[in-house]
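Q: Take this structure, written in structure tokens, and hold onto it; I'll ask about it next.
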Amino acid sequence: MRVGYGYDVHRLVEGRRLVLGGVEIEYPFGLQGHSDADVVLHAITDALLGAAALGDIGRHFPDSDARWKDADSRMFLAEAGRMIGAAGYRLSNIDVTIIAEKPRIEPHAGSMRSIIADLLAIQVSQVSVKATTSEGMGFVGEGLGIAAHAVCLLAEEQGGG
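Printed below as a string of structure tokens:
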């Protein structure tokens, strides 16, 4: 068994779509970044890659590479899922915490869980998405950004890893 942990944070800015967990959310601000800046999928991607000792999202999808400009982060997560399978691991579960003052995440959590499960070819019951606030503290608490933490558990396939 291997545990992976991922974290990502991006600043909220005008003129960008807000995409979290593969879901576009109606909001006057979006996350600034080279790709679509989906902190949820980025944190999960890092957790998966880290658990399998395959590096991190920046190694595989660097922001210095124009190919990833405005890229859909669902592609990053799907590729990380393929990579852990090729390395001999099976995903047991994912647990994600989104930290945001606004917008409310709960109405979108079910859709996020479904998208993540579909991208990784696992059951929705293997994906947890929850949210909290920073109680007004720090830049996330001031509504200037959104962060996400992700933890995953990988199991070795028979004869793999």
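Using the numbering used here, the first residue of the sequence shown is number 11, and each one after it goes up by one. The C-beta atom is built at its ideal place from N, Cα and C for all residues, glycine as well. Being a predicted model, the structure only gives us computed values, none of them experimental.
Below 8 Å between beta carbons: does that hold for E166 and T143?
A: Contact: no.
Q: Tell me whether M122 is buried or exposed, calling it buried when 16 or more other Cβ atoms sit within 10 Å of its Cβ.
A: Buried, because 16 or more other Cβ atoms sit within 10 Å of the Cβ of M122.
Q: Three or more beta-carbon pairs under 8 Å between the stretch 129-136 and the stretch 64-83, yes or no?
A: Contact fails: fewer than three Cβ-Cβ distances are below 8 Å.
Q: Return the bridge partner residues of E34 from the DSSP annotation.
A: Answer is V29, bridged to E34.
Q: Going by Cα to Cα distance, which pick from D48, G31, G60 and L41 is closest to Y15?
A: Nearest of D48, G31, G60 and L41 to Y15, Cα basis: G60.
Q: V106 and V50 - do their beta-carbons sit closer together than 8 Å?
A: Taking 8 Å as the Cβ cut-off, V50 and V106 qualify as a contacting pair.
Q: Between H52 and V150, what straight-line distance do the alpha-carbon atoms span, to the nearest angstrom?
A: Distance between the alpha carbons of H52 and V150 is about 17 Å.
Q: Does DSSP put G95 in a helix, a strand or coil?
A: It is helical.
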